[in-house]
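Which chain is which? The protein sequence lines are A and B, in order.
Each residue of the first sequence is one higher than the last, beginning at 1 in our numbering.
Each residue of the second sequence is one higher than the last, beginning at 1001 in our numbering.
Heads up, the thing below is written out as structure tokens.
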Amino acid sequence: MSDAIIVRNVTYRAGKEFAIRDLAMTVPTGSVYGFLGPNGSGKTTTLRLLLGMLPVDDGTISVLGHDVPAGVHKALAKIGYVPERLHLYPTLTVEETMRYHAAFYPDWDNARAENLRRGFALRAEQAVDRLSKGESGKLMMLLALAHNPDLLVLDEPTDGLDPVVRRDVLAALLEYVSARGATVLISSHLIHEQERICDHVGVMDDGRLLAEMPMAAFRGGIKRLRVSKAPLDRGDLPFTLLSRGVSAGREEEWVVRGWQPAMKEYFVTAESELREVIDLDLEESFVELLRSARLPVVVAGEEI
Amino acid sequence: MFGQVLYTQWKWARTELFLYVLAAFLVPTVIIRIGYSQVDAYSISNVLGVMGFAGAFFGVLALVCAFGLAWRPYIIDASLRHVGPLSLPVPWATFVRLRFLAGATLLLAPTIAVWLGGVLATATTVIPPTLHAYPGGVALRFLFAAMVAYAAGFLLQYVAGKHAVRVAIGLFFAVILIALASNLLGYDNLLLKAWDLLTTWPGPFSIFNARWMLIDV
């Protein structure tokens, strides 16, 4: 099995305002896949579709080799899920919550759960509704890791946590992933965190997956170009033009995707001058990608 | 799995369950003590009158216990958007079955209290000749009635979901409207017929119409 998650042509409509449209994504087995997107872009809805919590209107989903929703329960036994919001019963204690989950997961590892509880400094007798936000986050991560999952689906797992707790949670996650080789699908809008831990990235906006690629390609492939005497010819660009605007005088700034150094030749043949190629960090790349998806590129008053 | 679901539902309901058990245990004794102090304990008709009054209480208590235990777990799951149950590696139908069975199991506690309270009340009371104590019979009726009401409440909650309260209120007003309409149209007994259909054998709620007599002939 080469891909842990395969989504093809999935459509889901939630009311009149929002829809997931023609979604196709692939999460390779063993990868740490960062799922980026602004709030309300459809990340959480997509994760719920993957876990069979919402019914797709059209398309197919396969998770760990099981079709969703038909075989989702077999898949869920091998999935550790951390939802966006606390989903645990408030009156149970930490220990009772662990026992409750242990009863449902055939591969629950009591020793691992207990080690994680101690490592996270969670008191067994503490009631869930008395836990701080950081402690709740740790408990949810504990529950996701304690049954030795092959796939971790994490929806904003560190959102709102202080830096110390965030470090603890991510350390536990990375330790597990490196020891077990598990696949991770992590949704977040904390781009710098994703940049550190992810090797694949998918960018979502307004219910559409705008891009999906290895992190290295994403980071290195989006550039800002400073171009003099910018060419008007629009049909033969060797890269994807994300945005184009006037910088100073006759100089233009282009943001392009799929850039390779050899593409400098294009500007020579177009009788223009490429003055500078600027690297963008992940956050800038992400912003440019979103901007280009929301605003069409306009050249000489015409959309392209 | 069942043990853990049962434990969580017990923990949510333990306070109200304690009150149900207390009521189920004490009320037979209290009713008999107060009732007997007002009537001649050797008069068969008087004793049967007191028992009939006590019987009505058991039916009401069965309803209250049943609906309380049927609705609470759904309300808690709904407040957490059902994410917990839906992310567990069991089919939804299996989880709902576990929820149902756990609630039904909890109904045994007030049932046992009804039986124990009945045994205690009848053992410490003068029973006129030709009459007999039936604490076991009343407890069984209580269990059946509570199960029927529980199943109806559970079904309503899990079918209507977050609209259950609105559906229940809608049903209530629908009954009133039917009563008014049938009265205006001259079909005075339409609602009564429907009521009879539901509450007489083999109607689903006929158990509530049974003889709930702790002491009977």
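We treat Cβ as the ideally placed atom computed from N, Cα and C, and that holds for glycine.
Helix, strand or coil at residue i [DSSP, three-state]
i: lysine 223 of chain A; result: strand
i: valine 1167 of chain B; result: helix
i: glycine 245 of chain A; result: strand
i: glutamate 156 of chain A; result: coil
i: methionine 213 of chain A; result: strand
i: valine 169 of chain A; result: helix
i: histidine 147 of chain A; result: coil
i: glutamate 273 of chain A; result: strand
i: valine 203 of chain A; result: strand
i: tyrosine 176 of chain A; result: helix
i: phenylalanine 1095 of chain B; result: helix
i: histidine 31 of chain A; result: It is serine, not histidine, that sits at residue 31 of chain A in the sequence shown. Coil at serine 31 of chain A, not helix or strand.
i: glycine 1084 of chain B; result: helix
i: serine 1043 of chain B; result: coil
i: valine 268 of chain A; result: helix
i: alanine 4 of chain A; result: strand
i: arginine 1072 of chain B; result: helix
i: histidine 192 of chain A; result: helix
i: methionine 25 of chain A; result: strand
Interface residues of chain B facing residue i [CB-CB closer than 9 Å]
i: threonine 91 of chain A; result: Thr1008, Lys1011, Trp1012, Ile1076
i: arginine 224 of chain A; result: Simply none; closest approach about 41 Å.
Per-residue burial, residue i [other beta carbons within 10 Å of its own, 16 or more giving buried]
i: serine 188 of chain A; result: buried
i: leucine 1156 of chain B; result: buried
i: methionine 53 of chain A; result: buried
i: alanine 70 of chain A; result: exposed
i: arginine 244 of chain A; result: buried
i: asparagine 1183 of chain B; result: exposed
i: leucine 1198 of chain B; result: exposed
i: leucine 1017 of chain B; result: buried
i: histidine 1163 of chain B; result: exposed
i: isoleucine 1034 of chain B; result: exposed
Beta-carbon neighbours of residue i, restricted to chain A and to distances below 7 Å
i: leucine 1184 of chain B; result: Those do not exist, as leucine 1184 of chain B stays about 41 Å from chain A at its closest Cβ, beyond 7 Å.
i: leucine 1086 of chain B; result: Met53
i: leucine 1080 of chain B; result: His87
Interface residues of chain B facing residue i [CB-CB closer than 7 Å]
i: tyrosine 105 of chain A; result: Pro1089
i: histidine 73 of chain A; result: Pro1089, Val1090, Pro1091
i: alanine 4 of chain A; result: Going along chain B, no residue has its Cβ under 7 Å from alanine 4 of chain A, so there is no contact; the nearest lies around 16 Å.
Contacting residues, own chain, Cβ-Cβ under 6 Å from residue i (five flanking each side not counted)
i: alanine 293 of chain A; result: Asp205, Leu210
Beta-carbon contacts of residue i that lie in its chain and below 7 Å, excluding the five residues immediately before and after
i: valine 1217 of chain B; result: Thr1130, Leu1131
i: cysteine 1065 of chain B; result: Tyr1020, Leu1107, Pro1110, Ala1146
i: alanine 1160 of chain B; result: Val1167
Strand pairing of residue i, partner residues [DSSP]
i: glutamate 253 of chain A; result: A:Arg226, A:Gly245
i: methionine 140 of chain A; result: DSSP lists no partner for methionine 140 of chain A.
i: isoleucine 1207 of chain B; result: Answer is none; isoleucine 1207 of chain B lacks a bridge partner.
i: alanine 1133 of chain B; result: B:Ile1215
i: glycine 80 of chain A; result: A:Leu152
Neighbourhood of residue i by C-beta distance below 8 Å, restricted to the same chain and skipping five residues each side
i: serine 2 of chain A; result: Pro28, Thr29
i: leucine 50 of chain A; result: Ile5, Val7, Ile61, Val63, Val68, Val153, Leu185
i: serine 272 of chain A; result: Val227, Ser228, Lys229, Ala230, Pro231
Where residue i meets chain D, residues with beta-carbon distance less than 8 Å
i: valine 1083 of chain B; result: You won't find chain D in this structure, because its protein chains are A and B.
Residue i beta carbon near the ligand FMN (any heavy atom closer than 7 Å)
i: phenylalanine 239 of chain A; result: This structure lacks the ligand FMN, and indeed carries no ligand of any kind.
Under 8 Å by beta carbon: chain A residues contacting residue i
i: methionine 1001 of chain B; result: Ala103, Phe104
Listed by chain order, chain A residues near residue i by CB distance under 9 Å
i: glutamine 1004 of chain B; result: Glu96, Arg99, Tyr100, His101, Ala102, Ala103, Phe104
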